[in-house]
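*Asks:* Chains as they are written, first to last, in this note's numbering: chain A, 978 to 1200; chain B, 978 to 1200.
Heads up, the beta-carbon is just placed ideally off N, CA and C, and yes, glycines get one too.
Okay, here's the structure, questions in a sec.
There are 2 protein chains.
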Amino acid sequence: MTRVETAPSPRTTVRRHPERGVYDRAAIDAILDEALCCHVGFVNDGRPFVIPTIHTRAGDTLYLHGSPASRMLRTLGGGIDVCVTVTILDGLVLARSVYNHSMNYRSVVVLGSARPVEERAEKLAALEAIVEHVAAGRSADARPPSDKELAGTTVLAISLDEASAKVRSGPPKDFDEDVSLPIWAGVVPLELAAGPPESARDLPAGLTVPGYAREYRRPDARR
Amino acid sequence: MTRVETAPSPRTTVRRHPERGVYDRAAIDAILDEALCCHVGFVNDGRPFVIPTIHTRAGDTLYLHGSPASRMLRTLGGGIDVCVTVTILDGLVLARSVYNHSMNYRSVVVLGSARPVEERAEKLAALEAIVEHVAAGRSADARPPSDKELAGTTVLAISLDEASAKVRSGPPKDFDEDVSLPIWAGVVPLELAAGPPESARDLPAGLTVPGYAREYRRPDARR
């Protein structure tokens, strides 16, 4: 899969395996929406840090959230550079040669800086979107944030202006001279799968497991 | 789950939710070994970058590999600071309140710098370990690297001296006043699951799918 529909910036141009580069916003959005978590990179005292967290996308904006006491959120809230990367693993690519082993995956890299979200309506909408990102339908059931909880949550916004995706799919690509070797080759598909929900022990009687928990799957999951 | 068995460094001390901090090397190793991929953070021209890649652990060393043309590997090979983070998602934690929603996860952060692996035996062992990390048993089947392929692969080593893990497990933790609300709460377990292997179309006749592909699972996967 290779599409170049909008011009990438010099920093987001995929250099290794350029045929895997994807700059189409719809494709980038679909990967951001399916990926459950992201890895946030930032520089503190000159050193790199990478922290996993939950994100959501709303239009052209990526939102992160967390505690006001979080070192990451306090650092990012100062407007420094940030790199947010999401990766979906789609399969193991087992080639005949060790050298041609690979992975099928879809990843997105977003470069930018974070803007603290102060306005109440945007903050509430972002938190609702984060819950919906995790489990579509859940925000209609869960108790909304109180004013105190809202004040106790930091929300950051990052523009998707500078983003690119990298995608590998399909079978192994072995060298011609290796294809006749008596070695099995192929792809083992992977997906993030949900098991049966585990209800909290202290639930009031008569509550049933909602559909979004009973039949959980990522939006647009490929399989 | 909270264990503090070795003293964390100031930089790897878990500050947010300190009860989730884990500094026991066996626990850290198990997470590194189960996680299929990692996210590598580094600073280039003062800006953070986060790139997904495959890692492996051998004793006290984390190995990464890739093309000598890779910007990431060339940058890291210069001995600059690196942060390698792995994250395993174990479940959605759906609480009564939006505020107490969470994830069950196990993550490890490794801080250090990368050493290019030049010695042939260590390089071959690292590449074999990377294949074994992806699919235990595969390296006995696949064609080993030729001298040319070995020269065309960069391997980097990072010490595990400075590493910490962060783990959340168990049910939602709601506020007492929320427990009686008529809202379902619980955990949706997650795991990276494998589907039926897709054999390459150009396989010689008579090859069967090996067990590590037919019944693929991560080592020490919890479920």
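In the DSSP assignment, what residue or residues form a beta bridge with A:T1131?
*Replies:* Beta-bridge pairing links A:T1131 to A:G1043.
*Asks:* Go through its chain and collect everything with a Cβ distance to B:P1029's Cβ below 6 Å, but skip five positions before and after it.
*Replies:* Hits under 6 Å: C1014 and H1016.
*Asks:* Using CA coordinates, which residue listed in A:I1005, A:P1025, A:A1072 and A:Y1189 is at the minimum distance from B:D1179?
*Replies:* Here the closest residue by C-alpha is A:A1072.
*Asks:* Considering Cα atoms alone, identify which of B:G1172, B:E1096, B:D1022 and B:R1115 is closest to A:V1075.
*Replies:* Residue B:R1115 is the option with its Cα nearest to A:V1075.
*Asks:* What does the Cβ neighbour count give for A:S1123, buried or exposed, with the cut at 16 atoms within 10 Å?
*Replies:* Exposed, since its Cβ has fewer than 16 Cβ neighbours within 10 Å.
*Asks:* Grab me the residues of B:A1012's own chain with a C-beta within less than 6 Å of its C-beta, minus the 5 sequence neighbours each way, in chain order.
*Replies:* Around B:A1012: V1063 and I1065.
*Asks:* Sort out for me which residues DSSP pairs B:N1081 with in a bridge.
*Replies:* In DSSP, B:N1081 forms a bridge with B:G1068.
*Asks:* With distances taken Cα to Cα, identify the nearest neighbour of A:P1166 among B:A1177, B:S1136, B:S1146 and B:D1118.
*Replies:* Cα-wise, what sits closest to A:P1166 is B:A1177.
*Asks:* Should B:T990 go down as buried or exposed, given a rule of 16 or more other Cβ atoms within 10 Å for buried?
*Replies:* B:T990 comes out exposed.
*Asks:* Determine, using beta carbons only, whether B:P1045 comes closer than 8 Å to chain A.
*Replies:* False, the Cβ-Cβ gap to chain A never drops below 8 Å.
*Asks:* If the criterion is Cβ atoms closer than 8 Å, does the pair B:V1132 and B:L1088 meet it?
*Replies:* Contact: no.
*Asks:* Would you mind working out which of A:P995, A:R1195, A:A1004 and A:I1008 sits nearest A:A1112, comparing C-alpha positions?
*Replies:* Looking at the Cα atoms, A:R1195 is the closest of the given residues.
*Asks:* Answer yes or no: does any C-beta atom of chain A fall closer than 8 Å to that of B:L1133?
*Replies:* It does not; no Cβ of chain A falls within 8 Å.
*Asks:* Cα-Cα, which of A:G1036, A:A1035 and A:V1085 is closest to A:I1008?
*Replies:* If we check each option's Cα against that of A:I1008, A:V1085 comes out closest.
*Asks:* List, in order along the chain, the chain A residues whose C-beta lies closer than 8 Å to that of B:H1110?
*Replies:* Within chain A, no residue comes near B:H1110; the closest Cβ sits about 11 Å away, beyond 8 Å.
*Asks:* For B:P1181, tell me which candidate among A:G1183, A:R1191, A:A1162 and A:N1021 has the shortest Cα-Cα distance.
*Replies:* The shortest Cα separation from B:P1181 among A:G1183, A:R1191, A:A1162 and A:N1021 belongs to A:A1162.
*Asks:* Span of the alpha helix (DSSP H) holding A:R1002?
*Replies:* Residues R1002 to E1011.
*Asks:* Would DSSP call B:E996 helix, strand or coil?
*Replies:* In this structure, B:E996 counts as helix in the three-state DSSP scheme.
*Asks:* Can you give the beta carbon distance from A:G998 to A:S1141, rounded, assuming they're within the 8 Å contact cut?
*Replies:* Yes, A:G998 and A:S1141 are in contact; Cβ-Cβ is about 6 Å, under 8 Å.
*Asks:* Could you give the DSSP three-state label for A:G1054: helix, strand or coil?
*Replies:* Residue state, collapsed to three classes: helix.
*Asks:* Can you list the residues of chain A that B:L1169 reaches, using a CB-CB cut of under 9 Å?
*Replies:* Within chain A, the residues near B:L1169 are L1066, L1167, E1168, L1169 and A1170.
*Asks:* Between the Cα of A:D1153 and the Cα atoms of A:Y1082, A:N1077 and A:D1118, which residue gives the shortest distance?
*Replies:* Ranking A:Y1082, A:N1077 and A:D1118 by Cα distance to A:D1153 puts A:N1077 first.
*Asks:* Quick check: the Cα distance between A:A1106 and B:N1081, rounded to an integer number of angstroms?
*Replies:* Taking the straight line from one Cα to the other gives about 19 Å.
*Asks:* Output the boundary residues of the beta strand (DSSP E) element that contains B:K1143.
*Replies:* Looking at the DSSP string, the run of the beta strand (DSSP E) that includes B:K1143 is E1139 to R1145.
*Asks:* So the candidates are B:G1068, B:H1032, B:A1134 and B:A1128; which of them puts its Cα closest to the Cα of B:E1109?
*Replies:* Selected option, being the one with the closest Cα: B:H1032.
*Asks:* Distance check for B:Y1040 and B:I1005, CA to CA, integer angstroms please.
*Replies:* B:I1005 and B:Y1040: Cα-Cα distance of roughly 15 Å.
*Asks:* Ordered along the chain, which non-local residues of its own chain (more than five positions away) have a Cβ less than 7 Å from that of A:V1070?
*Replies:* Closer than 7 Å at the Cβ level, and outside the excluded window around A:V1070, lie H1078, S1079, M1080, N1081, P1149 and V1164.
*Asks:* Kindly indicate which three-state DSSP category B:S1123 falls into: helix, strand or coil?
*Replies:* Reduced to three states, the DSSP call for B:S1123 is coil.
*Asks:* Assign B:S1168 to buried or exposed, taking buried as 16 or more other Cβ atoms, counted over all protein chains shown, within 10 Å of its Cβ.
*Replies:* Looking at the sequence shown, residue 1168 of chain B is not Ser but Glu. Answer is buried; the Cβ neighbour count reaches 16.
*Asks:* Would you mind sorting B:D1118 into buried or exposed? The rule is 16 or more other CB atoms within 10 Å of its CB.
*Replies:* Label assigned to B:D1118: buried.
*Asks:* Of all the residues that make up the segment 1087-1115 of chain B, which are near chain A by a beta-carbon distance shorter than 7 Å?
*Replies:* Those would be L1104, V1108, V1111, A1112 and R1115, in chain order.
*Asks:* Anything in the segment 1022-1052 of chain B with a Cβ closer than 8 Å to a Cβ of chain A? List those residues in chain order, please.
*Replies:* Per Cβ criterion, the list reads G1023, R1024, P1025, F1026, V1027, I1028, P1029, I1031, G1043, S1044, A1046, S1047 and R1048.
*Asks:* Please look up how many angstroms separate the CB atoms of A:P1159 and B:L1184, rounded, as I've assumed it's under 8 Å.
*Replies:* The Cβ separation is near 6 Å, so the contact holds.
*Asks:* Check the DSSP bridge columns for A:L1169 and list the partner residues they point to.
*Replies:* In DSSP, A:L1169 forms a bridge with B:L1169.
*Asks:* With 8 Å as the threshold, decide whether the Cβ of A:R993 is near any Cβ in chain B.
*Replies:* Closer than 8 Å: yes.
*Asks:* Note the first and the last residue of the continuous alpha helix (DSSP H) segment covering B:I1160.
*Replies:* Run containing B:I1160: none; DSSP gives neither H nor E here.
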